[in-house]
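Shown next, in structure tokens, is the structure this report addresses.
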Amino acid sequence: RKEVEQDPGPFNVPEGATVAFNCTYSNSASQSFFWYRQDCRKEPKLLMSVYSSGNEDGRFTAQLNRASQYISLLIRDSKLSDSATYLCVVASGSARQLTFGSGTQLTVLP
Amino acid sequence: GAVVSQHPSRVICKSGTSVKIECRSLDFQATTMFWYRQFPKKSLMLMATSNEGSKATYEQGVEKDKFLINHASLTLSTLTVTSAHPEDSSFYICSARTGGGDGYTFGSGTRLTVV
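First to last, the protein sequences are chains A and B.
The numbering of the first sequence is the working numbering, which starts it at 9 and goes up by one.
The numbering of the second sequence is the working numbering, which starts it at 2 and goes up by one.
Have a look at this one:
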């Protein structure tokens, strides 16, 4: 079983659509959770951290369910510029190493 | 904000040669640096955790004699791919924790092609 699992997609949605990504992780001792986005042939960039209380940043809402070991990301009113690969990332261990999911590819169509 | 400078951004080398990739933290001290590898259409896989002044910790399946990591100062970590082969062609990225919390800064990556 992979440590961090995501639906690889691809998700092709029209502009303005709402899209949701899901992720599960296997290490119950994981400490921190994130969503990163990665554009083609670039380094990943932090989109947002994820907290149990849920957090929102503009059109993006992230949620963590520690009991189910489940993380979600909701993108509302999607823009063309949201097209990217979205990586579910979990930090664990004494060095807080990041473990990346395989990513979910999103393409927002005009 | 914190910046990690990674060089080179792109390198093409012949089979059997060695390639060194550098990551420098420009405005902070990076006690720990992480090295990742990413194959096309795959996610980042942690190769090793580099600690300043001590030996790196390698993930299972990563050959420490092939991927030499040196972290001699708080601002510089290097990864040397020795005796490179075409299957080593990949995107290599470094990352450092910034501050005591959950901030991580990534280098811009090195695209290695071994011919």
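Quick reminder that beta carbons are idealized off the backbone N, C-alpha and C, glycines included.
Everything numeric in this text was worked out from a predicted model, so none of it was measured.
For the pair residue 37 of chain B and residue 58 of chain A, the Cα-to-Cα distance works out to about 22 Å. With respect to chain B, the C-beta atom of residue 108 of chain A has a partner C-beta closer than 7 Å. A direct Cα-to-Cα measurement between residue 50 of chain A and residue 74 of chain A gives close to 30 Å. Shortest Cα-Cα distance from residue 44 of chain B to any of A:116, A:111 and A:115 involves A:111. Here the C-alpha atom of residue 72 of chain B lies approximately 40 Å from the C-alpha atom of residue 19 of chain A. Among the residues of the region 94 to 108 of chain A, those with a Cβ less than 8 Å away from any Cβ of chain B are 95, 99, 103, 104, 105, 106, 107 and 108, in the order of the chain. In this structure, the alpha-carbon of residue 35 of chain A lies about 11 Å from that of residue 76 of chain A.
Annotated as distal: residue 108 of chain B and residue 30 of chain B, with beta-carbon spacing of 7 Å or more. Contact annotation for residue 111 of chain A against chain B: 44 [CB-CB distance below 7 Å, chain order]. Closer than 8 Å at the C-beta level to chain B, one finds these residues of the region 48 to 62 of chain A: 49, 50, 51, 52, 53, 54 and 57. In this structure, DSSP gives residue 18 of chain A a state outside helix and strand, which the three-state scheme calls coil.
DSSP places residue 64 of chain B outside both helix and strand once states are collapsed to three, so it counts as coil. Using a Cβ-Cβ cut-off of 9 Å, residue 40 of chain B is close to nothing in chain A; its nearest Cβ partner there is about 11 Å away. Nearest to residue 54 of chain B by C-alpha distance, out of B:12, B:61, B:33 and B:83, is B:33. Within 7 Å of the CB of residue 98 of chain B, the CB atoms of chain A belong to 104, in sequence order along the chain. For residue 9 of chain B, the closest of B:22, B:16 and B:96 by C-alpha to C-alpha distance is B:22.
Residue 94 of chain B belongs to the set of residues whose beta carbon lies under 7 Å from a beta carbon in chain A.
Exclusion of the five residues before and after residue 30 of chain A leaves 80 as the residues of its chain whose Cβ lies within less than 6 Å of its Cβ. The criterion of a C-beta distance shorter than 7 Å is not satisfied by residue 97 of chain A and residue 33 of chain A. At least one CB of chain A lies nearer than 7 Å to the CB of residue 47 of chain B. The DSSP assignment places complete beta strand (DSSP E) segments of no fewer than 3 residues inside the region 66 to 96 of chain B at 68 to 74 and 77 to 82, in order along the chain. Here DSSP, grouped into helix, strand and coil, assigns residue 27 of chain B to coil. The C-beta distance from residue 5 of chain B to residue 95 of chain B rounds to 6 Å, short enough to meet the 8 Å contact threshold.
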